[in-house]
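Enquirer: Residue numbers (this note's numbering), protein chains in the order written: chain A, 12 to 297; chain B, 15 to 302.
1. Per DSSP, residue 50 of chain A forms a beta bridge with which residues?
2. Mind checking the stretch 90-104 of chain A against chain B and listing, in chain order, the residues whose C-beta falls within less than 7 Å of any C-beta there?
3. So the alpha helix (DSSP H) residue 81 of chain A belongs to, where does it begin and stop?
4. Leaving aside the five residues before and after residue 185 of chain B along the sequence, list all residues of the same chain whose C-beta is less than 6 Å from its C-beta, in chain order.
5. Alpha carbon to alpha carbon, what distance is there between residue 60 of chain A and residue 294 of chain A?
6. For residue 206 of chain A, tell me which candidate among A:162, A:234 and A:34 has the shortest Cα-Cα distance.
7. Taking contact to mean at least 3 C-beta pairs separated by less than 8 Å, is the stretch 227-245 of chain A in contact with the stretch 73-80 of chain A?
8. What does residue 111 of chain A reach in chain B if we use C-beta pairs closer than 7 Å?
9. Between the Cα of residue 248 of chain A and the Cα atoms of B:94, B:74, B:61 and B:132, which residue gives the shortest distance?
10. Per DSSP, what kind of secondary structure is residue 264 of chain B in: helix, strand or coil?
11. Pick out whichever of A:70, A:245, A:15 and A:257 has its Cα sitting closest to the Cα of residue 63 of chain A.
12. Could you tell me which residues DSSP pairs with residue 44 of chain A in its beta bridges?
13. Between residue 167 of chain B and residue 242 of chain B, which are expected to be in contact by the criterion C-beta below 8 Å, what is the C-beta distance as a whole number of angstroms?
14. Does the beta carbon of residue 234 of chain B sit closer than 8 Å to a beta carbon anywhere in chain A?
15. List, in chain order, every chain B residue whose beta-carbon is nearer than 9 Å to that of residue 241 of chain A.
16. Name the chain A residues whose beta carbon is nearer than 8 Å to that of residue 47 of chain B?
17. Any C-beta of chain B sitting closer than 8 Å to the C-beta of residue 306 of chain A?
18. Kindly list, in the order they appear in chain A, the residues whose Cβ is closer than 7 Å to that of residue 107 of chain B.
19. What are the boundary residues of the alpha helix (DSSP H) that residue 134 of chain A is part of?
20. How should residue 150 of chain B be labelled, buried or exposed, when 16 other C-beta atoms within 10 angstroms of its C-beta is the threshold for buried?
21. Cβ atoms of residue 133 of chain A and residue 264 of chain B: under 8 Å apart, would you say?
22. Rounded C-beta distance between residue 82 of chain B and residue 249 of chain B? I'm assuming under 8 Å.
23. Thinking C-alpha only, which one of B:220, B:88, B:97 and B:72 is nearest residue 286 of chain B?
24. With residue 183 of chain A as the anchor, note down where its alpha helix (DSSP H) starts and where it stops.
25. Please confirm if the stretch 207-221 of chain B is in contact with the stretch 182-197 of chain B, defined as three or more CB-CB distances below 8 Å between the two stretches.
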């Protein structure tokens, strides 16, 4: 009983972890299922058939490729625009700074259904046909704010004396930025890019409003849900999950190594690492 | 180092313009569209200050509004009740397990939102082991269903938005200086008093951020109600989605989405008046 009293918090947390991981286990488990009918809801038997046939459904492949293309483009644009905003907000005192901050926060505090509906309203009134371009516009729009938040958190811990040192050694403003500033804030930019990519590839609601006949991966799933989702969707979801885990572990390992290298140099105050988890934390806490 | 006064504006311009043109202006147009009259876009909806869209759609869909408020509210409270102890455990008790716990919290983000929700459909479906356990324990009647009920939708919302609660709470708890708690204990505060008087006030911004980040998306969500709620648990998001995309009754849909936005703004405004705004606005740090 005393043990229970001492450890109830950890037991509660462990139960919560099981709750968080249960659906993921179901997704992975059911990728090996051999369903009797069209619906992959009840466990029938183990098969590797769908793993062998992972890319055997043309519409699913097209949707997946469309999503990857969209996410890559949206990430590129949003990361560039968001990093520029973060630089302006952290480094300069200027008229309109508060208003700019407000404009960055508001999209994150707006339900997706409102964002999607508002964009569709504008496209309808102007008679703009929906498709890849309108999706790209929407995805860049909702990614920018998150990029700003992540890059800003990296810029705040930045030691400006490093830039001054570069200038003292005769580097011009552009060289200083390219050789000193950019490499130092790169982990923040990479983190922001990864977050954008994840947000874009996962987006359903806003895309649902502005896709026209273009089908992304989530939109394919939504369409297929009515007539029974093929097991291959679970297979691809499992692959994406594994890829993300590997990418995350690699990033954390790289950062830990970079920190170690940095700590060898003398007179280094040792800026705290920003692992992916912390990056996501700062993004989530807006 | 002297810098041109123009530099910050040049850096801001492209990104902020994107947000203005594709976020602020569309909000204006959805407001405008909600005042259009006429029967369809093809036959010519026209702008004619048709305020009846608001009164008609509000009286038609008031149940969905109230239901969204209720479901999102309950889900937010559940997230806080589950999330705070978990964040606390990760920050102070987890030790070497900390990274594993953090991984579990963000792992749901590594799979698609729709597939996660569909996994809940599997978990809560009639033949699932989870449901038979609930039936054996008489939490659910012998022949009762879980899928297509209000608790199923709330469970889905709670699950899907729990990380948005835990992460800001964890960020706030991690910053708590443990010496403050020790000091409280030295001054004869019980563990409970120290928590109530020290830890809780310090982490208040995290609670504000977490509840907002949970409540706002839950209020507008239609995916959980669509897959887990069946026909009788539609939320306002479902109504807006089907009016826009299936029924193409744009003016009513725009009116509803406008009311939803305004309602959330009002709730957020009142809430941060009581709870402080720093959590929502982010760090107001002065530039170096």
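For each residue, glycine too, the CB sits at the ideal point set by N, CA and C.
Expert: On the basis of the coordinates in this document:
1. According to DSSP, which records beta bridges pairwise, residue 50 of chain A is partnered with nothing at all.
2. 92, 93, 95, 96, 98, 99, 101, 102, 103 and 104
3. 69-102
4. none
5. Since pLDDT at residue 294 of chain A reaches only 45, below the 50 mark, its modelled position is unreliable, and the value read off the structure follows with that caveat. Spanning the two alpha carbons is a distance of roughly 40 Å.
6. A:162
7. yes
8. 26 and 30
9. B:132
10. helix
11. A:245
12. A:57
13. 5 Å
14. yes
15. Residues of chain B passing the Cβ test: none, with the nearest at roughly 12 Å.
16. 132, 135 and 136
17. Residue 306 of chain A lies beyond the range of chain A shown here (12 to 297); nothing can be said about it.
18. 20 and 21
19. 123-136
20. exposed
21. no
22. 4 Å
23. B:220
24. Counting along the chain, residue 183 of chain A falls outside any alpha helix (DSSP H), and DSSP gives it neither H nor E.
25. yes
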